[in-house]
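Okay, structure first, notes after.
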Amino acid sequence: MTILFIALVAMIPVAVLLKRAVPVEGDEAKQMWLRLAGGYVLILMGLLSALVWVVLKDIRQSLERYRVAHRRAFEEMTEQIREDYRRRQQRQADGRPKQTPSDHSDPPGRADLPN
């Protein structure tokens with residue numbers, strides 16, 4: 043991506059040189075200048091298209107990594123919820139009293155405050 047950007051920036055002096063080289067007389071010279079200008083525009087558009095393609099590819103890869111990371115976190119969270127549910131079911135099957143979420147989620151000193 044950096045190389046493409048540098049190439050695009052390097053095209054600025056080429057454009058200045060091309061603009062200064064416009065022939066005043068001679069059909070042959072004007073045709074040659076138009077060919078050079080056309081080639082310059084084609085190269086410029088190719089570099090710009092390549093830069094846009096690389097940027098979009100990088101964005102797509104970033105989004106894919108983001109999606110995979112969030113999917114993994116979601117699966118871990120789901121597995122933790124299932125494990126908690128299994129433990130709760132096992133405790134109930136063993137005849138132990140059910141723990142309420144407030145038994146282990148309140149910080150110390152907060153359980154005695156009124157709701």
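What the sequence shown shows, in the working numbering, is residues 43 to 157, in sequence order. Glycine residues also receive a C-beta, built at the ideal position from the N, C-alpha and C atoms. Since this is a predicted model, take the numbers as computed values, not measurements.
Straight-line gap, residue i to residue j (C-alpha atoms, nearest Å)
i       : j       : result
Met-119 : Ile-101 : 27 angstroms
Pro-65  : Pro-55  : 18 angstroms
Ser-91  : Tyr-108 : 26 angstroms
Trp-127 : Gln-103 : According to the sequence displayed, residue 127 carries Tyr and not Trp. The alpha-carbon atoms of Tyr-127 and Gln-103 are separated by roughly 36 angstroms.
Gly-137 : Arg-130 : 11 angstroms
Met-87  : Ala-71  : 24 angstroms
Ala-97  : Ala-63  : Reading off the sequence shown, one finds Val at residue 97, where the question assumed Ala. Val-97 and Ala-63: Cα-Cα distance of roughly 34 angstroms.
Gln-122 : Arg-133 : 16 angstroms
Leu-84  : His-112 : 42 angstroms
Gly-68  : Trp-95  : 40 angstroms
Phe-116 : Leu-76  : 59 angstroms
Glu-125 : Arg-114 : 16 angstroms
Boundaries of the alpha helix (DSSP H) in which residue i is found, first to last residue
i      : result
Pro-55 : 44-62
Gly-81 : 69-136
Neighbour-count burial assignment, residue i, 16 or more Cβ in a 10 Å radius
i       : result
Leu-105 : exposed
Neighbourhood of residue i by C-beta, 8 angstroms cutoff - its chain only, sequence neighbours within 5 removed
i      : result
Ala-79 : Leu-60
Leu-93 : Met-43, Leu-46, Phe-47 and Leu-50
Tyr-82 : Met-53, Val-56, Ala-57 and Leu-60
Leu-89 : Leu-46, Ala-49, Leu-50 and Met-53
Contact with chain D by residue i, beta-carbon distance below 8 angstroms
i       : result
Gln-103 : Within the model displayed, chain D is absent; a lone protein chain is all it includes.
Beta-carbon contacts of residue i that lie in its chain and below 7 angstroms, excluding the five residues immediately before and after
i       : result
Ala-135 : none
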